[in-house]
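S.K.: Right, I'll just put the structure down here and ask away after.
Number of protein chains: 2
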Amino acid sequence: MVYDEPRKVRELIRRGELSRPTCGLAPGYAQANLVILPRELAFDFFLFCQRNPKPCPVLEVLEPGKYEPVLTARHADIRTDVPLYRVYKNGALTGEEKDISSYWRNDLVTFLIGCSFTFETALIRAGISLRHLDEGKNVSMFVTSVPTIPAGVFSGPLVVTMRPIRREKVVRAVQVTSRFPAVHGAPVHIGDPAKIGIRNLAKPDYGDPVEVKDDEVPVFWACGVTPQAVALKSRPPLMITHSPGYMFITDLLDEDLSVL
Amino acid sequence: MVYDEPRKVRELIRRGELSRPTCGLAPGYAQANLVILPRELAFDFFLFCQRNPKPCPVLEVLEPGKYEPVLTARHADIRTDVPLYRVYKNGALTGEEKDISSYWRNDLVTFLIGCSFTFETALIRAGISLRHLDEGKNVSMFVTSVPTIPAGVFSGPLVVTMRPIRREKVVRAVQVTSRFPAVHGAPVHIGDPAKIGIRNLAKPDYGDPVEVKDDEVPVFWACGVTPQAVALKSRPPLMITHSPGYMFITDLLDEDLSVL
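Written as structure tokens, this is what we have:
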């Protein structure tokens, strides 16, 4: 079985034949975070993303009720083409689903938000190894003391990912990720975790801890968990997201998301 | 009188003491196109801009009824700080105003969209002269045969600006403007105007004609007139914009808008 073409992978997912995390599927193509909200919250959420592009890099937004992307994946169906969804009601997780067709309403607005898989691939190609991948772990994520810029009903702290980078590779890591602003882009902080309100690198708020060795520097990037955390805080009557690691696979090449 | 600081320039404009085009004011700071629309059209217009970032690079959007920018110009007032506004009703120009406070409503949504002054400054600094500026003219603008990506009620052709660039400087012009995606960015077309549906470079649809000499190539960039033209086509009950050349001066440095 070939898992190379995004369209074919999405078809397998749609038919329920590929229920796994999407890391490694359709290599070279960009994957996206999914946030679906009712129309009455959509404008404010769109504003929040525009004001906070590092944690919330918008790849595409669909008109209310639409479930076929026009920019990132023609002929896809947002209700069926993600392997696992999470459904939240009034801010509480009520279930995980493989298909959200039965939840669909004409007032639901879909946001596709850039995911760090793209820049991690670029880092690896630049000879910068990533410990969480080497060890088969989830990346470490931390809630910081850095506020996002509020918009309408949405506000909350910036969530970041941390990757230990060898001291002599830090500048290169900044350069490589700067080329990908649509997938979180350049780091938001380099070095001392306390400066952004992180007390203990061994105790991430989400994901798994990884060691930071003596010749390494902790480097922090804005994280796509931020918009989900901020949206949940507002307790929307209905919100649907992808389940962590089970992303939406787009037709965009990673390189389509680069600047220069 | 010093016209260097954006805040001070905006104060003079607000008091009616500086009623002139903004080109050359607050040098080094980014200026913005203004589009104000009623709330019921704002989500679709925001979507249109997200899908067409080259002609419609959004710098900031304000919540309905808000007139103080939070990202681009704290303490400014969008109703008074532009030297000249245009008011349209049902798609028809009904007047030019120096102050739109009397039109203000709690459902109006303000969009600030990047303007090419920033990248023109960068081109000049890179030793690329711009004929329309040398000759004190407005840049040539053309309606193309290239469609934008529709969003909701909004659709229409891409409008471009044309600048003649000396053959040996074309690559440099691409490089320099690529650094500024938030102000239209890299060209959309280089060379033969007919390829994008332009018949006669001597007859622009907007602005003034300029000569293209034998050792020059016509280079085309997406133009901020596009979103205004597209919005007007939908005949919104009320739409307010800046008057051409009378822009909103932000507190952002030109360099704040660069990537890499």
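For the record, the sequence lines run as chains S and G. For the first sequence, position 39 (counting from the first letter as 1) is numbered 40 according to the working numbering, and the numbering increases by one without interruption. For the second sequence, position 124 (counting from the first letter as 1) is numbered 125 according to the working numbering, and the numbering increases by one without interruption. Even glycine gets a Cβ: it sits at the ideal position worked out from N, Cα and C.
Is I150/S close to chain G, meaning its C-beta is less than 8 Å from at least one C-beta of that chain?
M.R.: The sequence position of residue 150/S within the first sequence is 149, counting from 1. Yes, I150/S lies at the interface with chain G (some Cβ there is under 8 Å from its Cβ).
S.K.: Would the beta-carbon of S141/S fall within 8 Å of that of G192/S?
M.R.: Numbered from its first residue, the first sequence carries residue 141/S at position 140. Numbered from its first residue, the first sequence carries residue 192/S at position 191. No, these two residues do not count as a Cβ contact at 8 Å.
S.K.: Drop a sphere of 10 angstroms on the beta-carbon of N107/G, count the other beta-carbons inside from all chains shown, and report buried for 16 or more, exposed for fewer.
M.R.: On the second sequence, position 106 is the one that residue 107/G refers to. It is exposed - the Cβ of N107/G has fewer than 16 other Cβ atoms within 10 Å.
S.K.: Please state the DSSP three-state secondary structure of V62/G.
M.R.: For the purposes of this step, residue 62/G is identified with residue 61 of the second sequence, where counting begins at 1. V62/G falls in the strand class under three-state DSSP.
S.K.: In the DSSP assignment, the alpha helix (DSSP H) including D45/G goes from what residue to what residue?
M.R.: Stepping through the second sequence from its first residue, residue 45/G is reached at position 44. Run containing D45/G: 40-52, per the alpha helix (DSSP H) assignment.
S.K.: Does any residue of chain S have a CB that is nearer than 8 Å to the CB of V211/G?
M.R.: The residue given as residue 211/G occupies position 210 in the second sequence. Not one chain S Cβ lies under 8 Å of V211/G.
S.K.: Name the chain G residues that come within less than 9 Å of S179/S, Cβ to Cβ?
M.R.: As a first step, residue 179/S is located in the first sequence; it is residue number 178 there, counting from the start. In chain order: V260, L261.
S.K.: By the three-class DSSP mapping on this structure, what secondary structure does S102/S have?
M.R.: As a first step, residue 102/S must be located in the first sequence, where it is residue number 101. Helix at S102/S.
S.K.: Quick one: grab the DSSP three-state call for D206/G.
M.R.: Taking the second sequence and counting its residues from 1, the one referred to as residue 206/G is at position 205. Coil at D206/G, not helix or strand.
S.K.: Using a Cβ-Cβ cutoff of less than 7 Å, which residues in the same chain neighbour T119/S once the five nearest sequence positions on both sides are dropped?
M.R.: Sequence index remark: in the first sequence, residue 119/S carries index 118 (1-based). Counting only Cβ-Cβ distances below 7 Å, and skipping sequence neighbours, we find A31, F181, V184, D255, L258.
S.K.: Is the CB-CB distance between A174/G and I114/G below 8 Å?
M.R.: On the second sequence, residue 174/G is found 173 positions in, with the first residue counted as 1. On the second sequence, residue 114/G is found 113 positions in, with the first residue counted as 1. No, these two residues do not count as a Cβ contact at 8 Å.
S.K.: Which two residues bound the contiguous beta strand (DSSP E) that contains F155/G?
M.R.: The count along the second sequence starts at 1 and reaches residue 155/G at position 154. No beta strand (DSSP E) contains F155/G, which DSSP labels as neither H nor E.
S.K.: Which residue wins for smallest C-alpha separation from E98/S, given the options M240/S, V177/S, I250/S, E69/S?
M.R.: Counting from 1 along the first sequence, the entry for residue 98/S is found at position 97. That would be M240/S, whose Cα lies nearest to the Cα of E98/S.
S.K.: Using a Cβ-Cβ distance cut-off of 8 Å, determine whether L48/S contacts chain G.
M.R.: Against the first sequence, residue 48/S aligns to sequence position 47. Output row for L48/S: interface = yes.
S.K.: Which residues in the same chain as D216/G place their Cβ atom closer than 7 Å to its Cβ, once the five residues preceding and following it in sequence are excluded?
M.R.: As a first step, residue 216/G is located in the second sequence; it is residue number 215 there, counting from the start. Cβ within range, chain order: R167, R168.
S.K.: Contact between the region 80-97 of chain G and the region 5-17 of chain G is defined here as three or more beta-carbon pairs at a separation below 8 Å; is this criterion met?
M.R.: Flag = yes, the region 80-97 of chain G and the region 5-17 of chain G touch.
S.K.: Just mark Q176/S as buried or exposed, buried being the case when its beta carbon has 16 or more other beta carbons within 10 Å.
M.R.: Numbered from 1 along the first sequence, position 175 holds the residue referred to as residue 176/S. Burial call: exposed.
S.K.: So what's L258/G in DSSP terms, helix, strand or just coil?
M.R.: Here residue 258/G refers to the residue found at position 257 when the second sequence is read from its first residue. Correct three-state label for L258/G: helix.
S.K.: In whole angstroms, give me the CA-to-CA distance for P238/G and G29/S.
M.R.: Along the second sequence, read from residue 1 onward, the residue named residue 238/G stands at position 237. Along the first sequence, read from residue 1 onward, the residue named residue 29/S stands at position 28. Those two C-alpha atoms are separated by around 46 Å.
S.K.: Counting C-beta neighbours from all protein chains within 10 Å, is the total for H76/G 16 or more, i.e. buried, or is it exposed?
M.R.: Counted from its first residue, the second sequence places residue 76/G at position 75. Exposed.
S.K.: Less than 8 Å between the C-beta atoms of G186/S and K55/S, yes or no?
M.R.: Position 185 of the first sequence, counted from the first residue, corresponds to residue 186/S. Position 54 of the first sequence, counted from the first residue, corresponds to residue 55/S. Yes, they are a contact pair.
S.K.: Helix, strand or coil for H185/S? Go by DSSP, reduced to three states.
M.R.: In the first sequence, residue 185/S corresponds to position 184, counting from 1. Reduced to three states, the DSSP call for H185/S is coil.
S.K.: Taking 8 Å as the CB-CB cut-off, is P182/S touching chain G?
M.R.: On the first sequence, residue 182/S is found 181 positions in, with the first residue counted as 1. Answer yes: the Cβ-Cβ gap between P182/S and chain G drops below 8 Å somewhere.
S.K.: Taking Cβ positions only, does V59/G come closer than 8 Å to chain S?
M.R.: Taking the second sequence and counting its residues from 1, the one referred to as residue 59/G is at position 58. So yes, V59/G belongs to the interface.
S.K.: Pull the bridge partners of L94/S from the DSSP assignment, please.
M.R.: By 1-based counting over the first sequence, the position of residue 94/S is 93. Y89/S, per the DSSP bridge assignment.
S.K.: Touching or not, the region 14-27 of chain G and the region 139-154 of chain S, by the rule of three or more beta carbon pairs under 8 Å?
M.R.: Touching, no, given that fewer than three Cβ pairs across the two stretches are closer than 8 Å.
S.K.: Please report the distance separating the alpha-carbon of F44/S from that of L42/G.
M.R.: In the first sequence, the residue the question calls residue 44/S occupies position 43. In the second sequence, the residue the question calls residue 42/G occupies position 41. Looking at the two C-alpha atoms, the distance is approximately 11 Å.
S.K.: Any beta carbon from chain G within less than 8 Å of E64/S's own beta carbon?
M.R.: Reading the first sequence from its first residue, position 63 is the one you call residue 64/S. Cβ-Cβ to chain G under 8 Å: yes for E64/S.
S.K.: Does R164/G pass the burial test, meaning 16 or more other C-beta atoms within 10 Å, or should it be called exposed?
M.R.: Translated into the one-based positions of the second sequence, residue 164/G becomes position 163. Classification of R164/G: buried, given that the 10 Å Cβ count is 16 or more.
S.K.: Going by C-alpha distance, which of N53/S, R40/S, L60/S, Q51/S is nearest F249/S?
M.R.: Here residue 249/S refers to the residue found at position 248 of the first sequence. Nearest of N53/S, R40/S, L60/S, Q51/S to F249/S, Cα basis: L60/S.
S.K.: What did DSSP end up calling S235/S once you bin it into helix, strand or coil?
M.R.: Position 234 of the first sequence, counting from 1, holds the residue named residue 235/S. S235/S: coil per DSSP, three-state reduction.
S.K.: Which residue comes first and which comes last in the alpha helix (DSSP H) that contains L124/S?
M.R.: Here residue 124/S is taken as the residue at index 123 of the first sequence, counted from 1. 118-126 is the extent of the alpha helix (DSSP H) around L124/S.
S.K.: Quick one: Cα of I150/G to Cα of C24/S, how far?
M.R.: For the purposes of this step, residue 150/G is identified with residue 149 of the second sequence, where counting begins at 1. For the purposes of this step, residue 24/S is identified with residue 23 of the first sequence, where counting begins at 1. For I150/G and C24/S, the distance between alpha carbons rounds to 30 Å.
S.K.: G96/G to K90/G, Cα distance in whole Å?
M.R.: Your numbering for residue 96/G matches position 95 in the second sequence. Your numbering for residue 90/G matches position 89 in the second sequence. So the two alpha carbons sit approximately 9 Å from each other.
S.K.: Alpha carbon to alpha carbon, what distance is there between P210/G and P1/G?
M.R.: Because residue 1/G is not part of the residues shown, which for chain G are 2 to 261, the question remains open.
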